[in-house]
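Chains as they are written, first to last, in my numbering: chain A, 840 to 1180; chain B, 840 to 1180.
The beta carbon of each residue, even a glycine, is placed where N, CA and C say it ideally should be.
Written below as C-alpha cells is the structure these notes are about.
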DNA sequence: TCAAGGAACTAGAACGTTCTAGAACTCCGT
DNA sequence: ACGGAGTTCTAGAACGTTCTAGTTCCTTGA
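Here is the structure:
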C-alpha cells in the first residue's frame, strides 16, 4: 500500500514531515529528494524510506517559487486541431529527456490566444512554444521581448530578436506534390487553399511556382478552401461542376483532402481513376487504410524536437545563430494519386 | 505601450516593486490586485496605475503557495481523442465563471495516465477531472481517498466514496438508436462495438436489450470494432461480405461510423439507400454537411458543466447526495438513416 | 467631549521549497 | 597531535504572495 493518506492531520505531507520522521533537517531531505550530492548513502535511504512511508510528493509550486529556474515550457495549442495534438505529443517526448516540464494552454471557442498566453505567463513558464499562432506579428514580437518564444508552423518575415521560428518548407512541399502529379502525366492541377491559415500563403506560392516551372502557368487554378473537411468538400463541389474538370487536386491539408475525397466519392467521381487527390501533413488520418491518402509529410517529431531544442538552447544561454529552422517535407505516395484518365 | 519589460533590473516585477512605486505596503497592493475590500478609492487607482506602468502580473505559483485554496482543477484528457477536446472546451467554459482555473495534463503515447495524474497532483490541483480514465478501479479509489475525483464517461460499479461519476446513459442511447431504426422498418440491425473502451459495454448491453424488446433477439449481431475510423472500416468490410447483409448498423462512435460510411461508399453500398448507419457522440464530425450522420448525441456542455459542478461542490463542502450523474442522450436524426431497401 | 466603531493601511509571519553559510565530523599525511 | 581537505549535515534566509493582528485615523452619536 504505497500511498496511504499518511500524516495524521489532513494536510498533504511536506518536507518537514519527512524530516522529522527521518530525524534530519529539511535541507537534507531537500537534497535527497533532488538527488543532489551532499548526503550519505545510509541517510539517503532512510530519508527515501520515510518519504515513501508517508506518501510525500514535492510541491511543484513551492519548488518553482524558490528556485530561480522553473524548467517549465509553456505550450499553446489549438484544441480542435489534430495536427497540434500530434505536435504536443512530440513536445512532451522531447521535453522530458531535456529536463523540462510542459504546461499546456488550449485555444478554444471562448478562449483566445491572448488568454492562453496570459495563463502560461502567470504560471512562470520560462519560454513559450506557440503552435500555429494567429496573433499579429507585433504582439509576438512584444512577447519575444519578455522571454524566448518559438513559433511553430507559422512563418514570420523579419527575424525579430528573441523570436524563434520552426516550420516546414510549405512551398517546397506544395512543389513536391505538383512535381509528383506532373510526373504521373497530369497538367490540369487545381489547388484548394487554406485561406489565411498559417502556412497557406507559402503552399499557394509553392503551387504557383511549380506550375510555372513546368510551363503550366495558364492552368493555375486556386479555389478558396480552409482547414476543415467541410471546406474541402465545399470546394470540391464547385470543382466537380467545372468543365473541363482538373485531373488532380492539391488540398491545403489532410482534413481538407478528406472532405474532397468524400464529396468526389458521393458524386461518382473515382479517385484516383477519375481524379487524383493529394493532401498535406501526413496526419493519422491520411494513413488510415481506407483513406490511404497521398500527402506531403511534415516531420512532426522533428518539428517538435527542434521547437523544444531551440527554446532550451535559448534558456541555457547558448549563442544560437539563425532565428529560423526550416524542415524539408517529403512526399508520401499512397493510393489517391495515379496517372490521369 | 502597455507591457514594456519595465523594472530596471531584468527580473519580473513583483508586489514589492509596485508597492514602492505607489508608496504603499505590499499588503495593500495585494488587496488591490485581488479586488478585495480594505483599500480607498484613490489609492486603489494609484496602485493599479503603478502596476500597469511596470507591467506587473501576479505570480500564480506564489499566490497558490500562500493561499490555502488553489482553485485549480486538474483535467486529464486523451490528446488524440476529439471527443475529449470537446469536453475540455466545455470544462474551460464552465470553470471560469465558477472561479476555478484549469490545469491540463495529456495522455499520449509514452505518457500514461499514471504520469498525467502525477503532474496534476504535483501542481496542487484541488480536484481531478478524468476524461474516460482507463486506470483500474482500485487506483481511482485510492486517488479518491486523497482528493475529490470526477470520472467522466466511464462507468464505475460500486460508488466509491469520494469518487464522482458523470456519464451519458450509454445503454439508453444505443436503445434509442435501435428504436429509431426499428420504427423505420429495420429488423436486421448489427452493432459494431468499442471493445474495452469506456462506455462500450453499456452500449452493447443497450443494443441487446432493445433488440430483445423488439423481439429481434435472434438477429442480434455484434462485430468487434473500436474507436477509430480504421476499426470501423475493417468491421464494415466484414459486414459487407456477409449474407444476408444487415439493413442497418449502429457504430460505437462517430469516428467508427465515418469509417463504416467510407467503406460502404467505396464498395458501392449506398447509404442510406442500401444500408442505414448510426453513430454515437454527435461530435463535430457528424455535423459536417457531407457526412450528415444520424447519431446519438451526448450533451457535451452538460457533461462538462456537471463534471466541474460536482468537483466544485465537493470542494466547497456541499453535502452532495448521489455519487453518479447520468445524462440522457438524445438521438439526432440526419441523413444516414432511412427505411430499409 | 468622548468613546465606539469603522475604514484605511501596515508589520510581520506564514506557505513549502531551495540556497548560502558554516558547523561538525571523518580521514589523512606529517 | 595537528592542520588541512573532504564529506555530511544544519540553521536560517530567501522566493512572491496572502493572512492575521494590529495601528492609525476618521466619523459619528450621545
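- When 8 Å is used as the limit between beta carbons, residue 1069 (chain B) is near these residues of chain A: 1127, 1128, 1129, in chain order.
- Under the three-state reduction of DSSP output, residue 922 (chain A) falls in the helix class.
- Restricting attention to beta strand (DSSP E) runs no shorter than 3 residues, the segment 1053-1127 of chain B encloses them at 1060-1062, 1087-1090, 1115-1120, ordered along the chain.
- When DSSP states are grouped into helix, strand and coil, residue 976 (chain B) belongs to the helix group.
- Within chain A, no residue has its beta carbon less than 8 Å from that of residue 939 (chain B); the closest one is some 12 Å off.
- Residues of the segment 891-911 of chain B with a Cβ closer than 9 Å to any Cβ of chain A, in chain order: 894, 896, 897, 898, 899, 900, 901, 902, 903, 904, 909.
- Comparing C-alpha distances from residue 1082 (chain A) to each of A:1089, A:1060, A:1040 shows the shortest one belongs to A:1060.
- Closer than 8 Å to the CB of residue 971 (chain B) there is not a single CB belonging to chain A.
- The alpha-carbon of residue 903 (chain A) is positioned some 27 Å away from that of residue 918 (chain A).
- Nearest to residue 863 (chain A) by alpha-carbon distance, out of A:875, A:850, A:887, A:851, is A:887.
- Residue 1168 (chain A) places its beta carbon less than 8 Å from that of residue 1007 (chain A).
- Annotated as proximal: residue 1072 (chain B) and residue 1129 (chain A), with beta-carbon spacing under 8 Å.
- A distance of 8 Å or more separates the beta carbons of residue 1013 (chain B) and residue 966 (chain B).
- Within chain B, the residues placing a beta-carbon under 7 Å from that of residue 928 (chain A) are 918, 947, 948, ordered along the chain.
- In the three-state scheme derived from DSSP, where H, G and I count as helix and E and B as strand, residue 940 (chain A) is classed as strand.
- Beta-bridge pairing by DSSP links residue 917 (chain A) to A:946.
- The Cβ of residue 962 (chain B) sits closer than 8 Å to at least one Cβ of chain A.
- DSSP places residue 1157 (chain B) in no alpha helix (DSSP H); its state is neither H nor E.
- Residues of the same chain with a CB within less than 7 Å of the CB of residue 870 (chain A), apart from the 5 flanking positions on each side, are 877, 878 in chain order.
- Around the Cβ of residue 1106 (chain A), a 10 Å sphere holds fewer than 16 other Cβ atoms; the residue is exposed.
- Only those residues of the segment 1087-1102 of chain A whose C-beta falls short of 7 Å from the nearest C-beta of chain B are listed: 1098, 1101, 1102.
- The beta-carbon of residue 1006 (chain A) is placed no less than 8 Å from the nearest beta-carbon of chain B.
- Taking a Cβ-Cβ threshold of 8 Å, the residues of chain A close to residue 1072 (chain B) are 1127, 1128, 1129, in chain order.
- In the three-state reduction of the DSSP assignment, residue 1164 (chain B) falls in the strand class.
- For the 8 Å CB-CB criterion, residue 926 (chain A) and residue 962 (chain A) do not form a contact.
- Annotation for residue 1175 (chain A): no beta strand (DSSP E) segment contains it, and DSSP assigns it neither H nor E.
- With its beta carbon less than 8 Å from one in chain B, residue 931 (chain A) belongs to the interface.
- Within the model, the alpha-carbon separation for residue 969 (chain A) versus residue 924 (chain A) is close to 13 Å.
- Its Cα nearest to that of residue 1054 (chain B), the residue B:1017 stands out among B:1017, B:995, B:922.
- Rounded to whole angstroms, the gap between the alpha carbons of residue 1152 (chain B) and residue 989 (chain B) is 11 Å.
- In summary, residue 1116 (chain B) is buried, with 16 or more beta-carbon neighbours lying within 10 Å of its beta-carbon over all protein chains present.
- Excluding sequence positions up to five before and after residue 932 (chain A), its CB lies less than 6 Å from no other CB in the same chain.
- For residue 1030 (chain B), the enclosing beta strand (DSSP E) begins and ends at 1028-1031.
- In terms of Cα proximity to residue 954 (chain B), the closest of B:915, B:874, B:1085 is B:915.
- Residue pairing by DSSP places residue 968 (chain B) opposite B:914, B:989 in a beta bridge.
- The residue from A:1002, A:922, A:854 with its alpha-carbon nearest to that of residue 889 (chain A) is A:854.
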